[in-house]
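Down below is the structure, laid out as structure tokens.
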Amino acid sequence: MLSAPTGNLNTNNLSINQLIGQQKSKPVIPQSDLPRKEFHRDDVVRLWKTMAHTQKLRGQDQVYHVMIKREPVQLDETTFQFEVDNTIQMTRLEGALGEVMAYLREEIQNYDLNIQLEMIKDAPEEVKYLNGPDRFEKLAKKNSNLFDLKNRFNLDIDY
Numbered sequence: 052m053l054s055a056p057t058g059n060l061n062t063n064n065l066s067i068n069q070l071i072g073q074q075k076s077k078p079v080i081p082q083s084d085l086p087r088k089e090f091h092r093d094d095v096v097r098l099w100k101t102m103a104h105t106q107k108l109r110g111q112d113q114v115y116h117v118m119i120k121r122e123p124v125q126l127d128e129t130t131f132q133f134e135v136d137n138t139i140q141m142t143r144l145e146g147a148l149g150e151v152m153a154y155l156r157e158e159i160q161n162y163d164l165n166i167q168l169e170m171i172k173d174a175p176e177e178v179k180y181l182n183g184p185d186r187f188e189k190l191a192k193k194n195s196n197l198f199d200l201k202n203r204f205n206l207d208i209d210y
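Pasting the structure below:
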């Protein structure tokens, strides 16, 4: 039975102090010394899609589906905007955005690159497959004469 710690405990786990020491020992490169090569919008889109497929291979299917739904839109030389449909997609993509940005910046050799996430206000209407009566109702809303024709000729639209 030991009454005091001996300090001879060997573990394979890192302590917090060891992790802090490792962080301090990493060389810090000033932001002004990072590369800023010119790039084309197509390079960013290609790498965005590549990273989306990488996310899928890592089991991040939800992030993959959000990333492939649209392409980033270029706002200025180094700023892009990516639109998401709702807060769930925003949350999923925000979690992966740090890794995605690090990959993009390293591959295009421009650390000024920035991607902003934006939730679209008017989400496009989901594609809904309509049956006969639903299709008629939708078309009749566009053209009220269809109701007149249906009634005048005693047409049956329930097919």
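For the sequence shown, position 12 matches number 63 in the working numbering, and the numbering has no gaps at all. Here a beta-carbon is modelled for each residue, glycine too, at the ideal position from N, C-alpha and C.
No Cβ-Cβ contact shorter than 9 Å links arginine 92 with asparagine 161. Between phenylalanine 131 and leucine 181, the alpha-carbon positions lie close to 37 Å from each other. Under the three-pair Cβ rule at 8 Å, the stretch 161-172 counts as touching the stretch 117-129. With a beta-carbon spacing of about 7 Å, threonine 138 and methionine 170 fall inside the 8 Å limit used to define contacts. Counting only the Cα atoms, lysine 120 lies some 30 Å from glycine 183.
Under the criterion of beta carbons closer than 8 Å, glutamate 122 and valine 96 qualify as touching, at roughly 5 Å.
Counting along the chain, glutamate 169 sits inside the beta strand (DSSP E) bounded by residues 165-170.
When the Cα atoms are used, methionine 141 and alanine 153 turn out to be separated by approximately 18 Å. When DSSP states are grouped into helix, strand and coil, threonine 129 belongs to the coil group. Counting along the chain, the unbroken alpha helix (DSSP H) around leucine 148 starts and ends at 138-159.
The criterion of a C-beta distance shorter than 9 Å is satisfied by glycine 146 and valine 114.
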